[in-house]
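Notes follow once the structure below has been shown.
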Amino acid sequence: MASSTGNIVDVVLKRQTVLEYICQCKPDKRTLVENLSESRPTIDRAVRELEDLDLVERVDGVCKPTYTGQTAYNLCEEFRNSFQMLQETSPELSSLPLDTDLDKSIFLDGSVFHPPDYAPYERIQPLDNDLRNGEKIVAATEILIPHIDEILKQGTNGEVDITLFVSNDVLDVLLDNQPGSIIPHIESGDAIYRGIEISRYSLFLIDDEILYTGIYSDTNHLSAVIRNTNQQVIQWAKESISELEDEGTLLTA
């Protein structure tokens, strides 16, 4: 079984151009040769290798993917997209501790935003829009960033369900420098937790449907933000939030 799996991986990666064209266009052999840059012998070998592993079949002269072949192609695309996201966030991720508990699912079907590391700091418009339109917002951070202020302001009208997890340092800064933004939430019974620890990243879960993961540089600058909506990462975020509830201390008036 391991050998067969290895063969599929090797062949799909080696012949991905041919497999992609077959999945997308379902061509005959002549069309394959005319539209791909590989030589005819190379294409013939590629089709035979794909057929040998039941990834492709020929029906009345037309090359078609089998269900296995289509699935293999889709997985290959997800793999490439994930590694593209990994490349886009590599400078930030490379400085994180090895025991950082970010789930690999944040690299599936996501979008990456890079705030500039100089003033004036640009807004991350999708995050601003999602926060503004959200009815239930959960945020967790060890670093005070402008988005926390926006969430606190938005929650004061009573129309948004706010849950906030912050480190002791962030809470102390809020209480010392802007008590009017945090104390009303504590007094109103919003779920504000202190004493949490998450290493150099923040979470913003909006309506249990959208997750933003903010990643910080080693100078505590918000350097990359990843937006996800896939259910795997949403479930991971919910489990992380449940752990933070156990770890933190709920503030009461």
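Residue -12 is where the sequence shown starts when you use this note's numbering, and the numbers rise one by one after that.
Ideal placement from N, C-alpha and C gives every residue a C-beta, glycine not left out.
These numbers come from a predicted model, not from an experiment.
Within the same chain, 27 and 30 come within 6 Å of residue 20 by CB-CB distance, once the 5 residues on both sides are set aside.
Residues of the same chain with their beta carbon placed closer than 7 Å to that of residue 86 are lacking, with the five preceding and five following residues left out of the count. Inter-residue distance for residue 66 and residue 74 is about 12 Å (C-alpha atoms, whole angstroms). Burial state of residue 12 is exposed, judged by a 10 Å Cβ sphere holding fewer than 16 other Cβ atoms.
In this structure, residue 199 sits away from residue 220, with a CB-CB distance that is not shorter than 8 Å. Straight-line measurement puts the Cα of residue 115 at about 23 Å from the Cα of residue 170.
Scanning its chain for C-beta atoms nearer than 7 Å, with the 5 sequence neighbours on each side dropped, one finds around residue 194 the residues 121, 122 and 123, in chain order. When 186, 37, 61 and 133 are compared, the shortest CA-CA separation from residue 160 is found for 133. Secondary structure of residue 147 (DSSP, three-state): coil.
In terms of Cβ geometry, residue 146 and residue 118 do not form a close pair [threshold 8 Å]. For residue 100, DSSP records a beta bridge to 212.
Secondary structure in the region 182 to 238: the beta strand (DSSP E) runs of 3 residues or longer, each lying completely within the stretch, are 188 to 193, 197 to 203 and 209 to 215 in chain order. With fewer than 16 other beta carbons inside 10 angstroms of its own, residue 22 counts as exposed.
In this structure the region 173 to 180 does not lie against the region 46 to 53, because fewer than three pairs of beta carbons, one per stretch, are closer than 8 Å. Residue environment analysis places residue 235 among the buried positions, since at least 16 neighbouring C-beta atoms fall within 10 angstroms of its C-beta. Annotated three-state conformation of residue 123 is strand, per DSSP. At least 8 Å separates the beta-carbon of residue 203 from that of residue 180. In this structure residue 5 is in contact with residue 33, their Cβ atoms being roughly 4 Å apart against a cut-off of 8 Å. As the crow flies, the alpha-carbon of residue 77 is around 36 Å from that of residue 177. Just so you know, the alpha carbons of residue 69 and residue 42 end up roughly 23 Å apart. Counting along the chain, residue 51 sits inside the beta strand (DSSP E) bounded by residues 49 to 52. Taking a 10 Å sphere around the C-beta of residue 153, we find 16 or more other C-beta atoms and assign the residue as buried. For residue 36, the enclosing alpha helix (DSSP H) begins and ends at 27 to 39. Counting other Cβ atoms within 10 Å of its Cβ, residue 150 reaches 16 or more and is therefore classed as buried.
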